[in-house]
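There are 2 protein chains.
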Amino acid sequence: MPRQSAALQPHRRLFADRRRNPDGKRDAVLHTAVRMFLERSYARTSMNDVATQLSITKPALYHYFRNKEEILVEIYRLGTDLIDEMLDGIEAEQRPGLDKVADFVSGYIRIVAGDFGRAVIRLDDGELSKAGRKVVRGRKREIDHRLRALIEGGMKDGSIALCDAKIAAFLLAGAIHGMASWYEPSGPMKLEAITQEYVRMLTSGLATGDMAGSAGVRAFEAENRIHG
Amino acid sequence: MPRQSAALQPHRRLFADRRRNPDGKRDAVLHTAVRMFLERSYARTSMNDVATQLSITKPALYHYFRNKEEILVEIYRLGTDLIDEMLDGIEAEQRPGLDKVADFVSGYIRIVAGDFGRAVIRLDDGELSKAGRKVVRGRKREIDHRLRALIEGGMKDGSIALCDAKIAAFLLAGAIHGMASWYEPSGPMKLEAITQEYVRMLTSGLATGDMAGSAGVRAFEAENRIHG
DNA sequence: GGAATAACCTACCGGCGAGTAAGATATCAA
DNA sequence: TTGATATCTTACTCGCCGGTAGGTTATTCC
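Chains as they are written, first to last, in my numbering: chain A, 1218 to 1445; chain B, 1218 to 1445.
The following block contains the structure:
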């Protein structure tokens, strides 16, 4: 029995009449599907479930998507696009690598707090066909490589202690991915508190010797305008 | 088509004749199942798949397990038992909290490098029935609480900087869980190198001010007998 | 050797879920 | 208004999977 969160009602209403609005309705399907996939997993959410949630029938869905997999791939695309855009911004910065990493952590957390960001992490791309899996995994790998490059840049400019960038990138991403698994937007934990702890702990784990942590904290405080 | 790794052959051979060995065979089913579940997920691995891998037929499996879920629950039990034992050892130590956390990180990584440890993290307990899910989630929650207590102990004895223990525990566990998702025992990355980086980065993120990182590194080096 | 029985197999059931065929109905552009 | 078309529905197919019924074969213990 699909829970009907209040946030889903607007999408349901879009389908109340037959007014033509293909893009809007396609979008509504995506937003509804991603929430259901996050709550009950892709495999355990049937096309019928999604359709019912929107007050339509299953075959109607096939007017907007060729098959179930296309929905999932589209969700991944929207999610990875968000991450790519964030990375574009960070790479354009002229700042020490450690500060860029701090920005990555807070930016990634912000994205992962949203449905499509969380979907990239939580949904199992093993459900995809070989072709779809190849596309999605390629996008994920690219993100990982860009994070790795940020860390390597920090080691070059001396703001990050020498370490194995590959492992460090995995650790950073993994810590935030973990968060995506337990974080619920409607839950009790404040996103800002989580972000602050994450930035502090993760950057001090990277920073060069004596100034451990302070650069990351400064970067976070600057970006989020926390009292001097 | 299930890949047939060399490690699975011994279990297959156990079923070559009809010699009576219920415990051994039950164990063989578990070891085969956990590997297949890790490779292709619980849902996408059918009872037929598992049976075929062992060169028997599906109904034969039902001599050793009442149903598919019982296999999964048993796998979780074996995995969480390993973690519980490790925590028992750490809690018995008379050392600063930060060192205990360092031991937790390296111990957890060691467990997660094994099949049953990895299964606790990677397999989706959402596949379980309500009853089974309650048991498994209870065990996971208990582990989280014990880690949280370690961190709180470290804050009391001054080895760990004041922070939100709940968030810190999530971050620590999350980083290692992330590792469980990409780590493959047969892969190229050396477990010791991973452990070293993880302990260093995660403990320096927790440590009190000036000595950031050194306590964790010392703890790791002592335990693993790395040159003075 | 010969019951007793564990171990295993063939053949099946019921249900579910993705996807489709074919037709009905509302919308829109002219 | 009206034809063209997008939208949506009812009713279905097909394949897979968990689980079982009921019988067969090998092992074990006396």
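Cβ coordinates follow ideal geometry from the N, Cα and C atoms, glycine included.
For this session: Using 10 angstroms around the beta-carbon of B:Gly1324, count the other beta-carbons present and answer buried if the total reaches 16, otherwise exposed.
Result: Along the second sequence, one-based indexing puts residue 1324 of chain B at 107. The residue is buried, with at least 16 neighbouring Cβ atoms inside 10 Å.
For this session: Identify every residue that forms a DSSP beta bridge with B:Ala1366.
Result: Translated into the one-based positions of the second sequence, residue 1366 of chain B becomes position 149. Beta-bridge pairing links B:Ala1366 to no other residue.
Problem set entry | Distance between B:Asp1266 and B:Asp1245 (C-alpha atoms, nearest Å) | Taking the first residue of the second sequence as 1, we reach residue 1245 of chain B at position 28. Taking the first residue of the second sequence as 1, we reach residue 1266 of chain B at position 49. In the sequence as displayed, the identity of residue 1245 of chain B is Ala instead of Asp. Cα to Cα, the separation comes out at about 14 Å.
For this session: Please list, in chain order, all residues of the same chain as A:Gly1296 whose beta carbon is under 7 Å from its beta carbon, the five residues on each side excluded.
Result: One-based indexing of the first sequence puts residue 1296 of chain A at position 79. Cβ neighbours of A:Gly1296 beyond the five flanking positions: Phe1333, Gly1334, Ala1336, Val1337.
Problem set entry | DSSP three-state assignment for A:Ile1288, whether helix, strand or coil | Reading the first sequence from its first residue, position 71 is the one you call residue 1288 of chain A. If DSSP states are grouped into helix, strand and coil, A:Ile1288 belongs with the helices.
Problem set entry | chain B contact residues for A:Glu1414, given Cβ-Cβ distances below 8 Å | Your numbering for residue 1414 of chain A matches position 197 in the first sequence. Cys1380, Asp1381, Ile1384, Ala1385, Leu1388, listed in chain order.
Exercise. Nearest CA to the CA of A:Asp1361: which residue from A:Gly1349, A:Ile1393, A:Ser1258, A:Lys1373?
Worked result: One-based indexing of the first sequence puts residue 1361 of chain A at position 144. Measuring from the Cα of A:Asp1361, the nearest candidate turns out to be A:Ile1393.
Exercise. Are the C-beta of A:Ala1348 and some C-beta of chain B separated by less than 7 Å?
Worked result: In the first sequence, the residue the question calls residue 1348 of chain A occupies position 131. With 7 Å as the cut-off, A:Ala1348 does not count as an interface residue toward chain B.
Exercise. Counting contacts by CB-CB distance shorter than 7 Å, is A:Met1418 in contact with chain B?
Worked result: Along the first sequence, read from residue 1 onward, the residue named residue 1418 of chain A stands at position 201. With 7 Å as the cut-off, A:Met1418 counts as an interface residue toward chain B.
Exercise. Between the C-alpha atoms of B:Gln1311 and B:Ala1319, what's the straight-line distance to the nearest angstrom?
Worked result: Sequence index remark: in the second sequence, residue 1311 of chain B carries index 94 (1-based). Sequence index remark: in the second sequence, residue 1319 of chain B carries index 102 (1-based). Distance between the alpha carbons of B:Gln1311 and B:Ala1319 is about 14 Å.
For this session: Establish whether the CB of B:Ile1411 and some CB of chain A are separated by less than 7 Å.
Result: If you number the second sequence from 1, residue 1411 of chain B lands on position 194. So, interface residue.
For this session: Check each candidate in B:Trp1399, B:Arg1252, B:Ile1292 and name the one with the smallest Cα separation from A:Asp1354.
Result: Your numbering for residue 1354 of chain A matches position 137 in the first sequence. The question names Asp, but residue 1354 of chain A in the sequence shown is Arg. Among B:Trp1399, B:Arg1252, B:Ile1292, the Cα nearest to that of A:Arg1354 is on B:Trp1399.
Problem set entry | Partner residues on chain A for B:Ser1258, Cβ-Cβ distance less than 7 Å | Residue numbering aside, residue 1258 of chain B sits at position 41 when the second sequence is read from its first letter. Chain A residues near B:Ser1258: Asp1341, Gly1343.
For this session: Could you name the residues of chain B that A:Met1372 contacts, counting a contact when the two beta carbons are closer than 9 Å?
Result: The count along the first sequence starts at 1 and reaches residue 1372 of chain A at position 155. Near A:Met1372 there are no residues of chain B at all, since even the closest Cβ is about 13 Å away, more than 9 Å.
For this session: To the nearest angstrom, report how far apart B:Ile1384 and B:Glu1409 are at their CA atoms.
Result: Taking the second sequence and counting its residues from 1, one reaches residue 1384 of chain B at position 167. Taking the second sequence and counting its residues from 1, one reaches residue 1409 of chain B at position 192. Between B:Ile1384 and B:Glu1409, the C-alpha separation is close to 26 Å.
Exercise. So what's A:Ala1397 in DSSP terms, helix, strand or just coil?
Worked result: For the purposes of this step, residue 1397 of chain A is identified with residue 180 of the first sequence, where counting begins at 1. In this structure, A:Ala1397 counts as helix in the three-state DSSP scheme.
For this session: Could you tell me the distance, in whole angstroms, from the CA atom of B:Glu1344 to the CA atom of A:Ser1272?
Result: Position 127 of the second sequence, counted from the first residue, corresponds to residue 1344 of chain B. Position 55 of the first sequence, counted from the first residue, corresponds to residue 1272 of chain A. Going by the C-alpha atoms only, they are around 26 Å apart.
Exercise. How would you label A:Gly1371, buried or exposed, when you count the other beta carbons within 10 angstroms and need 16 or more for buried?
Worked result: Within the first sequence, the letter at position 154 stands for residue 1371 of chain A. Classification for A:Gly1371: buried.
Problem set entry | Residues from the stretch 1391–1410 of chain B in contact with chain A, defined by Cβ distance under 8 Å | Gly1391, Ala1392, Ile1393, His1394, Gly1395, Met1396, Ser1398, Trp1399, Met1406, Ala1410
Exercise. Which partner residues of A:Met1377 appear in the DSSP bridge assignment?
Worked result: The residue given as residue 1377 of chain A occupies position 160 in the first sequence. Note on residue identity: the sequence assigns Ile, not Met, to residue 1377 of chain A. Partner(s): A:Ala1424.
Exercise. Given a threshold of 16 other Cβ atoms within 10 Å of its Cβ, counted over all protein chains shown, does A:Gly1391 qualify as buried or as exposed?
Worked result: In the first sequence, residue 1391 of chain A corresponds to position 174, counting from 1. So A:Gly1391 ends up on the buried side.
Exercise. Mind pulling the chain A residues with CB within less than 7 Å of B:Arg1312?
Worked result: As a first step, residue 1312 of chain B is located in the second sequence; it is residue number 95 there, counting from the start. Those do not exist, as B:Arg1312 stays about 21 Å from chain A at its closest Cβ, beyond 7 Å.
Problem set entry | Beta-carbon gap between B:Ile1300 and B:Val1251 smaller than 7 Å | Working through the second sequence from its first residue, we reach residue 1300 of chain B at position 83. Working through the second sequence from its first residue, we reach residue 1251 of chain B at position 34. No, these two residues do not count as a Cβ contact at 7 Å.
Problem set entry | C-beta contact flag for A:Ser1421 and B:Gly1422 at 7 Å | Working through the first sequence from its first residue, we reach residue 1421 of chain A at position 204. Working through the second sequence from its first residue, we reach residue 1422 of chain B at position 205. Going by C-beta atoms, A:Ser1421 is nearer than 7 Å to B:Gly1422.
Exercise. Do the CB positions of A:Gly1162 and A:Ile1377 come within less than 7 Å of each other?
Worked result: Past the edges of chain A, shown from 1218 to 1445, lies residue 1162 of chain A, and the structure says nothing about it.
For this session: Assuming B:Met1418 and A:Leu1364 form a contact by the criterion Cβ under 8 Å, report the distance between their Cβ atoms to the nearest whole angstrom.
Result: As a first step, residue 1418 of chain B is located in the second sequence; it is residue number 201 there, counting from the start. As a first step, residue 1364 of chain A is located in the first sequence; it is residue number 147 there, counting from the start. With 8 Å as the limit, B:Met1418 and A:Leu1364 do not qualify as a contact, their Cβ atoms being about 14 Å apart.
Problem set entry | Which listed residue (B:Lys1317, B:Glu1256, B:Ala1260, B:Arg1243) has its alpha carbon closest to that of B:Phe1282 | For this step, residue 1282 of chain B is matched to residue 65 along the second sequence. Closest option to B:Phe1282, Cα to Cα, is B:Arg1243.
Exercise. Straight-line CA distance for B:Leu1367 to B:Lys1317?
Worked result: What you label residue 1367 of chain B is simply residue 150 of the second sequence in a count that begins at 1. What you label residue 1317 of chain B is simply residue 100 of the second sequence in a count that begins at 1. For B:Leu1367 and B:Lys1317, the distance between alpha carbons rounds to 7 Å.
Exercise. Roughly how many angstroms lie between the CA atoms of A:Ser1403 and B:Leu1379, to the nearest whole one?
Worked result: Taking the first residue of the first sequence as 1, we reach residue 1403 of chain A at position 186. Taking the first residue of the second sequence as 1, we reach residue 1379 of chain B at position 162. Cα to Cα, A:Ser1403 sits roughly 27 Å from B:Leu1379.
Exercise. Considering only the beta carbon of each residue, do A:Val1322 and A:Tyr1259 sit closer than 7 Å?
Worked result: As a position in the first sequence, residue 1322 of chain A is number 105, starting the count at 1. As a position in the first sequence, residue 1259 of chain A is number 42, starting the count at 1. No, the pair does not count as a contact, with Cβ atoms beyond the cut-off.
Problem set entry | Residues of the stretch 1245–1274 of chain B with Cβ closer than 9 Å to any Cβ of chain A, in chain order | Arg1257, Ser1258, Ala1260, Arg1261
Exercise. Apart from the five residues just before and just after A:Ile1411, which ones in its own chain have a Cβ nearer than 8 Å to its Cβ?
Worked result: Counting from 1 along the first sequence, the entry for residue 1411 of chain A is found at position 194. Correct list, in chain order: Ile1326, Met1396, Tyr1400.
Problem set entry | Beta carbon proximity, A:Met1218 to chain B, threshold 7 Å | Walking along the first sequence from the start, residue 1218 of chain A turns up at place 1. Bear in mind that the predicted position of A:Met1218 carries a pLDDT of just 42, short of 50, making it unreliable; the figure below should be weighed with that in mind. It does not; no Cβ of chain B falls within 7 Å.
Exercise. Which same chain residues, not among the five before or five after A:Ile1328, have their C-beta less than 7 Å away from its C-beta?
Worked result: Within the first sequence, numbered from 1, the residue matching residue 1328 of chain A stands at position 111. Result list for A:Ile1328: Leu1299, Ile1300, Met1303, Gly1334, in chain order.
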